[in-house]
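Chemist: Residue numbers (this note's numbering): 689 to 885.
Input: one structure, supplied below.
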C-alpha cells in the first residue's frame, strides 16, 4: 500500500486467488490472469456451495473471462509464459518509480510520416462509425500499442503506446460501441487508467 502511486504494482493471477489474495489485485496497476488456471474472487466454489447450496465451477464463478467482462482484470493470458511476457511489456512503458525518467526506446518510425491509411479508416461521412483502435495503431510507433482492459467498457479504449520512442498513455472513445459515449463502466475504466498514468 505504501508503494502505490510510487512504483508500478503488478498482481499476476496464475492460479487460484480467493479471499485475501484477491484483495491485492485491487491495489495493483496491472492485473493479468491466465486463462483456465487463474481464478479471482472473494469466495471459492466450495464456500459458495456451503453458503447457497449452488454448485458452480471455478471458471463460471471467477475465471478470467468473467473478470475481464467485469473490469476486474487488465488482460487474459494464454499461459504462464504469456502472462510473464505481458508483465514485461506493461513494465516497459513505465519508469521504475514516479520520479524516474520515462523509458525511451529507439524508434525507426519517422515522426513526420504521413498517415494516408487513415483515409480508409475514417469516412468522409460523419455519421459512419470507425474503429478507433485502427487510428491509434496508425498514430503510434509501429507495433507499440498495448491495450488494457479490452473486454471491459468497450466504448472506451485505453492503453500504452510510443510516439517517437516515448511512452504515452492513450485513451480514446470507440465510435463502434454506443457511438463512443461514456457510461459508468467507461468512466471507471478511464479513472483507473488515469491513475496508473
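Beta carbons: idealized from backbone N, C-alpha and C, even for Gly.
Which whole-angstrom value is the C-beta distance of residue 699 and residue 730, which I expect to be below 8 Å?
Modeler: In the chain shown, residue 699 corresponds to position 11, counting from 1. In the chain shown, residue 730 corresponds to position 42, counting from 1. Not really, about 15 Å apart at Cβ, beyond 8 Å.
Chemist: Curious, which full-length beta strand (DSSP E) runs of at least 3 residues does the segment 762-800 contain?
Modeler: Those beta strand (DSSP E) runs which fall completely within the segment 762-800 and span 3+ residues are 763-765.
Chemist: Compute the distance between the beta-carbons of residue 751 and residue 727, then report whether it is under 8 Å.
Modeler: To locate residue 751, count along the chain shown from 1; it is residue 63. To locate residue 727, count along the chain shown from 1; it is residue 39. Yes, the pair counts as a contact, with Cβ atoms nearer than the cut-off.
Chemist: How many Å lie between residue 713 and residue 764 at the Cα?
Modeler: Along the chain shown, one-based indexing puts residue 713 at 25. Along the chain shown, one-based indexing puts residue 764 at 76. Cα-Cα distance, rounded: 14 Å.
Chemist: So if DSSP puts residue 833 in a beta bridge, which residue, or which two residues, is it bridged to?
Modeler: For this step, residue 833 is matched to residue 145 along the chain shown. Answer is none; residue 833 lacks a bridge partner.
Chemist: By Cβ distance below 7 Å, which residues in the same chain neighbour residue 837 in space, the five residues on each side in sequence not counted?
Modeler: By one-based count along the chain shown, residue 837 stands at place 149. These residues qualify, in order along the chain: 759, 762, 846, 877.
Chemist: For residue 805, which residues in the same chain have their Cβ closer than 6 Å to its Cβ, ignoring the five residues on either side in sequence?
Modeler: The sequence position of residue 805 within the chain shown is 117, counting from 1. Closer than 6 Å at the Cβ level, and outside the excluded window around residue 805, lie 826.
Chemist: From what residue to what residue does the beta strand (DSSP E) around residue 844 run?
Modeler: On the chain shown, position 156 is the one that residue 844 refers to. Segment 844-851, the beta strand (DSSP E) holding residue 844.
Chemist: Let me confirm a value: residue 884 is counted as buried when at least 16 other C-beta atoms fall within 10 Å, else exposed. Which label applies?
Modeler: For the purposes of this step, residue 884 is taken as residue 196 along the chain shown, with counting starting at 1. Buried: at least 16 other Cβ atoms inside 10 Å.
Chemist: Whole-angstrom Cβ separation of residue 819 and residue 864, contact assumed at under 8 Å?
Modeler: Position 131 of the chain shown, counting from 1, holds the residue named residue 819. Position 176 of the chain shown, counting from 1, holds the residue named residue 864. So it is a contact: roughly 6 Å between Cβ atoms.
Chemist: In whole angstroms, what is the alpha-carbon distance linking residue 691 and residue 717?
Modeler: Here residue 691 corresponds to residue number 3 of the chain shown, with the count starting at 1. Here residue 717 corresponds to residue number 29 of the chain shown, with the count starting at 1. Rounded to whole angstroms, residue 691 to residue 717 spans 11 Å at the Cα level.
Chemist: Determine the DSSP secondary structure at residue 709, reduced to helix, strand or coil.
Modeler: Taking the first residue of the chain shown as position 1, residue 709 is located at position 21. If DSSP states are grouped into helix, strand and coil, residue 709 belongs with the helices.
Chemist: Give a yes or no on whether the C-beta atoms belonging to residue 705 and residue 840 are separated by under 8 Å.
Modeler: For the purposes of this step, residue 705 is taken as the residue at position 17 of the chain shown. For the purposes of this step, residue 840 is taken as the residue at position 152 of the chain shown. No, Cβ-Cβ distance for residue 705 and residue 840 is not below 8 Å.
Chemist: Contact defined as beta carbons within less than 8 Å: I believe residue 857 pairs with residue 832. What is the distance between those atoms, to the nearest angstrom?
Modeler: Within the chain shown, numbered from 1, the residue matching residue 857 stands at position 169. Within the chain shown, numbered from 1, the residue matching residue 832 stands at position 144. About 12 Å separates the two Cβ atoms, so there is no contact after all.
Chemist: Please list, in chain order, all residues of the same chain as residue 771 whose beta carbon is under 7 Å from its beta carbon, the five residues on each side excluded.
Modeler: Your numbering for residue 771 matches position 83 in the chain shown. Contacts found: 700, 702, 720, 722, 765.
Chemist: Check this for me: beta carbons of residue 855 and residue 779, under 8 Å apart or not?
Modeler: Here the question's residue 855 lines up with position 167 in the chain shown. Here the question's residue 779 lines up with position 91 in the chain shown. No; because the gap between Cβ atoms is not below 8 Å, this pair is not in contact.
Chemist: Express the C-alpha separation of residue 852 and residue 767 in angstroms, rounding to a whole number.
Modeler: Taking the first residue of the chain shown as position 1, residue 767 is located at position 79. Taking the first residue of the chain shown as position 1, residue 852 is located at position 164. Straight-line Cα distance between these residues: approximately 32 Å.
Chemist: With C-beta atoms as the reference, is residue 844 less than 8 Å away from residue 861?
Modeler: Counting from one through the chain shown, the residue named residue 844 turns up at place 156. Counting from one through the chain shown, the residue named residue 861 turns up at place 173. For residue 844 and residue 861, yes; Cβs fall inside 8 Å.
Chemist: May I ask you to report which of helix, strand or coil DSSP gives residue 878?
Modeler: Numbered from 1 along the chain shown, position 190 holds the residue referred to as residue 878. Residue state, collapsed to three classes: helix.
Chemist: Classify residue 733 as buried or exposed, calling it buried when 16 or more other Cβ atoms lie within 10 Å of its own Cβ.
Modeler: Within the chain shown, numbered from 1, the residue matching residue 733 stands at position 45. Its Cβ being crowded by 16 or more others within 10 Å, residue 733 is buried.
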